[in-house]
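Engineer:
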Amino acid sequence: MQRTFKSLLLLAAVINLTALQEAKAVSNSSLTVSINGLKSQRGQVCLSLFSGGRGFPSSSDRAVAARCVKLENAPLTVKFDNLKAGNYAIAAFHDANGDGTLNRNPLGIPTEEFGFSQNPKILTGAPKFADSAFIVAGPETNIQIKLLNFFG
-19 MQRTFKSLLL
-9 LAAVINLTAL
1 QEAKAVSNSS
11 LTVSINGLKS
21 QRGQVCLSLF
31 SGGRGFPSSS
41 DRAVAARCVK
51 LENAPLTVKF
61 DNLKAGNYAI
71 AAFHDANGDG
81 TLNRNPLGIP
91 TEEFGFSQNP
101 KILTGAPKFA
111 DSAFIVAGPE
121 TNIQIKLLNF
131 FG
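When you number the sequence shown by this note's numbering, it's gap-free, plus one each residue, and the end is 132.
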């Protein structure tokens, strides 16, 4: 009886260690984003990475990760590390004047370049999360975002 209990305890410990290793591996994916369509090398490009529809695309405070990268060389690539496998979407914009916001005209139309993962067609408003979602799986995922400009 005592031997069976020790065997079960050892088996439980091995299972827990295996599950812990798998959990670490799950959040070990990285994502590389290539940005195309820049009209100039001024300013910075800001990206927000979302893991669900809540806040997408404009509430960067609800993003899993958000960063602005100063433009120095084209083409621009941005890497996000230590991601869990799953569905994500990115909203990006070229902050040419460096003010940290996507500038708009009085009608609300963006005056700076912008784009989304999966490069959905933009007609009258921002896409939904499902239209921009992609899967991060395995050690490395690569995507491209083409920035758009309604005035250029």
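C-beta: ideal position from N, C-alpha, C; glycine also.
Could you give the residue range of the beta strand (DSSP E) that holds Asp61?
Structural biologist: As a first step, residue 61 is located in the sequence shown; it is residue number 81 there, counting from the start. From DSSP, the beta strand (DSSP E) with Asp61 extends over Leu56 to Leu63.
Engineer: Leaving out the 5 sequence neighbours to the left and right, which residues in its chain are closer than 7 Å to Leu62 when beta-carbon positions are compared?
Structural biologist: The residue labelled residue 62 in the question sits at position 82 within the sequence shown. Per the sequence presented here, residue 62 reads as Asn, with Leu not at that position. Contacts found: Ser7 and Asn8.
Engineer: What are the boundary residues of the beta strand (DSSP E) that Asp75 is part of?
Structural biologist: Within the sequence shown, the letter at position 95 stands for residue 75. That run of the beta strand (DSSP E) goes Gly66 to Asp75.
Engineer: Label Ala5 either buried or exposed according to how many other C-beta atoms from any shown protein chain fall within 10 Å of its C-beta, with 16 as the threshold for buried.
Structural biologist: One-based indexing of the sequence shown puts residue 5 at position 25. Confidence in Ala5 is poor, its pLDDT being 46 and thus under 50, which makes the residue's placement unreliable; the coordinate value appears in the next sentence. Exposed, because fewer than 16 other Cβ atoms sit within 10 Å of the Cβ of Ala5.
Engineer: Under a three-way DSSP split, which group does Phe96 fall into?
Structural biologist: Mapped onto the sequence shown, residue 96 falls at position 116. Note: Phe96 maps to strand in three-state DSSP.
Engineer: Would you call the segment 19 to 33 and the segment 74 to 84 touching, i.e. three or more CB-CB distances under 8 Å?
Structural biologist: yes
Engineer: Would the segment 35 to 50 count as touching the segment 93 to 111 if we require 3 or more Cβ pairs under 8 Å?
Structural biologist: yes
Engineer: Helix, strand or coil for Phe109 per DSSP?
Structural biologist: Looking up residue 109 in the sequence shown gives position 129. If DSSP states are grouped into helix, strand and coil, Phe109 belongs with the helices.
Engineer: Any chance the segment 40 to 54 sits against the segment 104 to 123, with 3 or more Cβ pairs inside 8 Å?
Structural biologist: Result no; under three Cβ-Cβ pairs closer than 8 Å.
Engineer: Would you mind working out which of Ala69, Phe130, Ile15 and Phe60 sits nearest Asn53, comparing C-alpha positions?
Structural biologist: In the sequence shown, the residue the question calls residue 53 occupies position 73. Of the candidates Ala69, Phe130, Ile15 and Phe60, the residue whose Cα lies closest to the Cα of Asn53 is Ile15.
Engineer: Can you list, in chain order, the residues of its chain with a C-beta nearer than 6 Å to that of Asn85? Leave out the 5 residues immediately preceding and following it.
Structural biologist: Here the question's residue 85 lines up with position 105 in the sequence shown. These residues qualify, in order along the chain: Thr91.
Engineer: Look up Ser9 in the DSSP assignment and give the residues it is bridged to.
Structural biologist: The residue you call residue 9 lines up with position 29 of the sequence shown. Partner(s): Leu63.
Engineer: Output needed for Phe73: all residues of its chain with C-beta closer than 8 Å, excluding positions within five of it in sequence on either side, in chain order.
Structural biologist: Indexing the sequence shown from 1 puts residue 73 at position 93. Excluding positions up to five away in sequence, the list reads Val25, Cys26, Leu82, Pro90, Glu92, Glu93, Phe94, Gly95 and Leu127.
Engineer: Ignore the nearest five residues each way along the sequence and tell me which others in Ala71's own chain have a CB closer than 6 Å to its CB.
Structural biologist: Looking up residue 71 in the sequence shown gives position 91. Excluding positions up to five away in sequence, the list reads Ser28, Pro37 and Phe96.
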